[in-house]
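Residue numbers (the UniProt record's numbering), protein chains in the order written: chain Z, 1 to 334; chain L, 1 to 544. Cβ atoms here follow ideal geometry from the backbone N, Cα and C, with glycine treated the same way.
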Amino acid sequence: MTLALTDVTVRYGDTAAVDDVSLELEPGQVLAVLGPSGCGKSTLLRAVAGLEPLSAGAIAWDGADLAGVPTHKRGFALMFQDGQLFGHLSVARNVAYALRIRRTPSARVAARVRELLALVGLRGYGDRLPGTLSGGERQRVALARALAVEPRLILLDEPLSALDATLRERLAGDLRSILHDAGTTALLVTHDHEEAFALADRLAVMRAGRVVQAGAIDEVWREPVDEDTALFLGYARVLREDAAARVLSAAGLPPAYAVALRRSALVVDPAGAVRATVESARVTPEQVRLVVVADGIGEVDAVAPLGSRLSPGDAVALHVDVTRLAVLPITAEG
Amino acid sequence: MRRIAGLLLLAAGPVLVLGVLFVLPVTGMVAEGFLVDGRLAPGAVLDVLARPRVHRVAWFTVWTSSVATLLAVVLGLPAAYALHRLALPGRTAVRAALLVPFVLPTVVVGVAFRQLLGEGGPLGSLGLDGTPVAIICGLVFFNVAVVVRTVGAAWESLDPRPGQAAAALGASPWQVLRTVTLPALRPAIVGSASIVFLFCATAFGIVLTLGGVRYSSVETEIYLLTTTIFDLQAAAALSVLQIVVVVGLLALAARLRATPDPTAQRVVAPVRAVRRSDAAVVAATLLVLGAMLLPILTLVLGSLSVGDGWGLANYRALTTAGDDQALLVPVTTALLTSLRTAVDATWMALLVGVVVSVIVTRRSHSVAERRVRSTLDGFFMLPLGVSAVTLGFGFLITLDQPPLDLRDSPLLVPMAQALVALPLVVRTLTPVLGSIDDRQRQAAASLGASAWRTLLTVDLPVAWKPVLAASGFAFAASLGEFGATSFLARDDSPTLPVVIFRLIGHPGEMNYGMALAASVVLAVATAVVVLAVERLRVPGLGAF
Chain Z
1 MTLALTDVTV RYGDTAAVDD VSLELEPGQV LAVLGPSGCG KSTLLRAVAG LEPLSAGAIA
61 WDGADLAGVP THKRGFALMF QDGQLFGHLS VARNVAYALR IRRTPSARVA ARVRELLALV
121 GLRGYGDRLP GTLSGGERQR VALARALAVE PRLILLDEPL SALDATLRER LAGDLRSILH
181 DAGTTALLVT HDHEEAFALA DRLAVMRAGR VVQAGAIDEV WREPVDEDTA LFLGYARVLR
241 EDAAARVLSA AGLPPAYAVA LRRSALVVDP AGAVRATVES ARVTPEQVRL VVVADGIGEV
301 DAVAPLGSRL SPGDAVALHV DVTRLAVLPI TAEG
Chain L
1 MRRIAGLLLL AAGPVLVLGV LFVLPVTGMV AEGFLVDGRL APGAVLDVLA RPRVHRVAWF
61 TVWTSSVATL LAVVLGLPAA YALHRLALPG RTAVRAALLV PFVLPTVVVG VAFRQLLGEG
121 GPLGSLGLDG TPVAIICGLV FFNVAVVVRT VGAAWESLDP RPGQAAAALG ASPWQVLRTV
181 TLPALRPAIV GSASIVFLFC ATAFGIVLTL GGVRYSSVET EIYLLTTTIF DLQAAAALSV
241 LQIVVVVGLL ALAARLRATP DPTAQRVVAP VRAVRRSDAA VVAATLLVLG AMLLPILTLV
301 LGSLSVGDGW GLANYRALTT AGDDQALLVP VTTALLTSLR TAVDATWMAL LVGVVVSVIV
361 TRRSHSVAER RVRSTLDGFF MLPLGVSAVT LGFGFLITLD QPPLDLRDSP LLVPMAQALV
421 ALPLVVRTLT PVLGSIDDRQ RQAAASLGAS AWRTLLTVDL PVAWKPVLAA SGFAFAASLG
481 EFGATSFLAR DDSPTLPVVI FRLIGHPGEM NYGMALAASV VLAVATAVVV LAVERLRVPG
541 LGAF
């Protein structure tokens with residue numbers, strides 16, 4: 001039971017929204033396709049759902065080609081960014097939708113709906129109409145509705161991005177445990193790397209219709225293939241040539257052409273090897289964030305522990321945290 | 001308080017116009033029924049309503065209108081889908097073509113169907129001429145466009161994603177249609193059906209030309225009672241009955257009409273390529289299109305047939321007054337009268353309609369203001385609810401003495417036509433003006449724009465096209481107006497529809513040929529105006 005995409009291409013006129021994409025997904029895994037808006041990730045998801053015809057390539061489930069299998073016969077549930085609950089049906093009827101389509105006996109339907117609403121933490125919401133729910137509640141109902149008939153694959157289109165920050169964090173945890181407990185195989189597309197990390201086991205980074213990197217999530221995270229990918233994964237800056245070599249030598253690593261740094265890769269430490277001057281300092285709940293000009297490196301980000309009294313012009317010494325940088329496998333031409 | 005005062009000041013003009021040209025005639029007509037020798041006598045009205053003939057007429061109106069409405073909806077739905085959601089080749093042209101029957105003068109439609117179904121016509125062997133079936137066909141022909149337009153516009157802006165969500169949950173296309181799409185379209189379907197029923201129940205020209213004296217609806221019965229039998233009291237009683245029923249229906253339609261949900265995304269969904277599974281829908285659409293074209297084609301061919309051959313003799317005869325002096329003036333003169341009248345009616349309808357639309361779409365700042373606005377909104381929609389015949393009749397009996405002696409005014413007919421066209425103008429403008437987010441105006445105001453400047457920079461750029469479209473619509477409606485005009489047009493200056501009706505009532509082959517030719521001329525004139533308007537691509541044009 002695997003989903004396999006082979007050289008999938010979707011064209012709109014002359015432009016390829018999805019360009020020659022190959023991916024695989026094992027049972028029980030959650031794969032996140034991460035990319036900026038307009039990179040073709042939603043089109044890819046819709047192609048898997050059977051809502052976009054392929055221009056070339058194939059999508060297969062368990063070795064069987066899905067070309068010609070209409071959406072409603074694929075057995076994949078699709079959860080939209082904004083839930084797309086049916087406004088004229090109650091929450092219970094929404095959740096029961098797929099069950100009723102399959103003519104499940106009504107006693108079983110009622111039991112399953114209760115079970116699913118409990119799973120997503122909405123016990124007793126059955127008689128409400130979608131219009132009366134908050135954004136987070138609507139997404140929970142949409143999830144329950146998608147899970148109702150135990151789909152062999154669940155497709156998630158930015159499931160959390162319509163929600164505000166605190167709600168997103170809470171629902172991300174719930175969503176992950178619900179998906180894992182149910183053993184559901186899922187394909188998720190998102191532009192938010194936090195959302196991808198919160199939910200997925202595997203990650204594919206997509207840009208301009210192409211998958212530029214794919215792998216286990218921590219692997220991709222540690223070894224982004226190029227500058228754009230690194231920046232997209234939340235690295236703050238990419239240094240090249242001498243600046244890169246200096247940072248790497250301070251960290252005790254062999255020199256390389258380019259290195260991506262997280263905001264916290266340089267830490268204020270009197271014993272540190274890098275000398276710098278503070279440009280600006282800003283207090284956040286967890287640490288003091290600095291922008292410094294480091295000798296031979298230039299402007300970079302750094303952090304200091306809370307309580308450090310630093311102001312622009314102060315000289316500081318910085319220590320390089322090797323777990324917070326990534327050497328990029330690119331050269332001057334790349 | 002100042003806002004409400006300003007609002008009432010702005011509304012004073014349209015209210016006065018409607019008061020004199022609408023409320024006065026209609027109350028005058030009602031009074032005619034209820035007052036006998038200056039005393040209130042409601043019993044007489046009840047007596048009229050108890051007549052068996054009145055029952056027959058009322059029942060005939062109800063059942064033909066119901067059947068016609070049902071057919072219009074059943075035929076309109078597949079066409080609405082195919083023309084708004086499928087990438088059919090030439091679909092914009094077909095959409096435009098389907099708008100034409102709706103604005104075609106009723107008299108022309110009547111003549112076309114007689115030509116089609118009458119003896120010697122292509123479908124003459126069916127023996128449908130002069131039967132209720134012919135009337136129903138005419139009504140359906142006229143009203144399918146309303147369903148296609150209204151439901152099509154709703155279908156076009158329907159978010160496709162709930163349907164896709166349902167498909168992903170395992171619903172087959174048929175199940176998606178039944179459980180997701182139709183519930184979402186229900187307001188549009190019910191709304192268009194109630195409007196179509198209204199149009200059918202108050203149809204005048206079609207029933208009069210196709211039903212003759214054997215079949216009469218409430219509307220034609222009022223006409224016969226006033227002009228032939230001179231039983232004004234019975235006519236007034238029927239008018240009252242009609243007003244009550246129609247206003248009730250309108251109120252119902254207004255409640256059922258889709259209230260736009262500001263949170264819903266109004267997207268125009270991309271059309272999708274035609275698949276083999278769409279064959280039935282496409283076939284149904286072609287059938288509807290064919291049924292629309294057939295009467296028009298027959299009409300054109302009929303106008304070109306002379307004796308045993310073809311020729312333009314019927315058209316050349318339009319400069320004459322017909323066989324046996326059937327007319328007082330040549331048809332060409334009547335055409336000029338029609339155009340002049342339509343110009344006058346258009347500017348009047350536009351003047352009042354724009355002010356009304358601005359009044360009813362501005363956002364209210366207080367409960368009292370909202371009440372005033374919604375009252376005005378309902379008041380200005382009243383002309384839609386009163387039949388043209390009642391209006392013409394009312395004009396005739398109330399605007400005939402000083403200070404309002406308008407009988408000989410050349411503006412009498414345009415005024416009546418403007419009132420008939422007013423709801424059309426308001427219905428075209430209000431959705432557009434209402435769709436402008438009020439925050440745009442607030443943003444303009446916060447940047448220092450005066451109220452006048454805001455109107456100029458926010459409303460006008462959005463509204464000029466709909467205003468132009470509304471004037472085209474009003475012009476076309478006025479060109480074809482027959483109900484009120486047939487009462488009010490003076491014998492020496494008739495409009496084209498009046499002349500056509502007179503021609504088909506006079507014996508003589510030449511007269512009939514001239515009626516066909518004149519119908520083609522009138523149809524072409526309205527079609528040209530409407531197709532020009534259609535090119536403006538105003539959303540929801542012709543949708544009620």
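- Here the alpha carbons of Gln115 (chain L) and Gly205 (chain L) stand approximately 15 Å from one another.
- DSSP, read as helix, strand or coil, puts Ala321 (chain L) in coil.
- Counting of Cβ neighbours within 10 angstroms places Lys41 (chain Z) among the buried residues, the total reaching 16 or more.
- Shown here, Ser22 (chain Z) sits in a strand according to DSSP, grouped into three states.
- When rounded, the separation of the alpha-carbon atoms in Phe199 (chain L) and Ala193 (chain L) is 10 Å.
- For Gly57 (chain Z), the enclosing beta strand (DSSP E) begins and ends at 56-61.
- Residues of chain Z whose Cβ lies closer than 7 Å to the Cβ of Pro183 (chain L) are, in chain order, His88.
- Residue pairing by DSSP puts Trp310 (chain L) in a beta bridge opposite L:Ser305.
- With contacts defined by Cβ atoms closer than 8 Å, Thr485 (chain L) and Val498 (chain L) form a contacting pair.
- Around Ile59 (chain Z), no beta-carbon contact reaches into chain L at under 7 Å, the shortest distance being about 14 Å.
- Secondary structure note for Asp301 (chain Z): its beta strand (DSSP E) is the uninterrupted segment 298-305.
- Residues of the segment 189-223 of chain L with a Cβ closer than 7 Å to any Cβ of chain Z: none.
- Interface flag for Val149 (chain Z) against chain L is set, since a Cβ pair is found closer than 8 Å.
- Going by beta carbons, Val372 (chain L) and Ile4 (chain L) fall inside the 8 Å limit.
- Leu51 (chain Z) and Phe379 (chain L) have their C-alpha atoms some 48 Å from each other.
- Every beta strand (DSSP E) of 3 residues or more that sits fully in the segment 194-236 of chain Z is shown, in chain order, as 202-207, 210-216.
- Leu411 (chain L) places its beta carbon less than 8 Å from that of Asp344 (chain L).
- Under the three-pair Cβ rule at 8 Å, the segment 269-288 of chain Z counts as touching the segment 316-334 of chain Z.
- Taking all protein chains shown into account, Tyr235 (chain Z) has 16 or more neighbouring C-beta atoms within 10 Å of its C-beta and is therefore buried.
- Sequence-distant partners of Ala200 (chain Z) (beyond 5 residues in either direction) whose C-beta falls short of 7 Å from its own C-beta, in its chain, are Val30, Leu31, Ala32, Leu188, Ile217.
- Proximity to Thr2 (chain Z) across Z:Ala60, Z:Ser22, Z:Asp14, Z:Ser55 peaks at Z:Ala60, based on C-alpha coordinates.
- With the criterion set as a beta carbon lying under 7 Å from some beta carbon of chain L, the segment 111-132 of chain Z has no members that meet it.
- Cβ-Cβ separation between Leu83 (chain L) and Val144 (chain L): approximately 12 Å, too far for a contact (criterion under 8 Å).
- Using a Cβ distance threshold of 8 Å, Val247 (chain Z) and Thr229 (chain Z) do not count as a contacting pair.
- Secondary structure in the segment 183-250 of chain L: the alpha helix (DSSP H) runs of 4 residues or longer, each lying completely within the stretch, are 205-211, 218-224 in chain order.
- Membership of Phe76 (chain Z) in any alpha helix (DSSP H) is not indicated; the residue belongs instead to the beta strand (DSSP E) covering 76-79.
- For Ser280 (chain Z), there is no enclosing alpha helix (DSSP H); the residue is found in the beta strand (DSSP E) stretching over 274-283.
- According to the DSSP secondary-structure assignment, Gln287 (chain Z) is paired through a beta bridge with Z:Pro305.
- Look at Arg102 (chain Z): its C-beta is under 8 Å from a C-beta on chain L.
- For Phe34 (chain L) and Tyr223 (chain L), the gap between their C-alpha atoms comes out near 19 Å.
- Assignment of His191 (chain Z) by DSSP, reduced to helix, strand and coil, places it in the coil class.
- In the structure shown, Leu310 (chain Z) adopts coil according to DSSP, grouped into three states.
- For Val180 (chain L), the nearest CB of chain Z lies under 8 Å from its own CB, placing it at the interface with that chain.
- When secondary structure is reduced to three states using DSSP, Thr9 (chain Z) falls in the strand class.
- For Ile154 (chain Z), the three-state secondary structure derived from DSSP is strand.
- Residues of chain Z with a Cβ closer than 9 Å to the Cβ of Pro162 (chain L) are, in chain order, Phe80, Gln84, Leu85, Phe86, Gly87.
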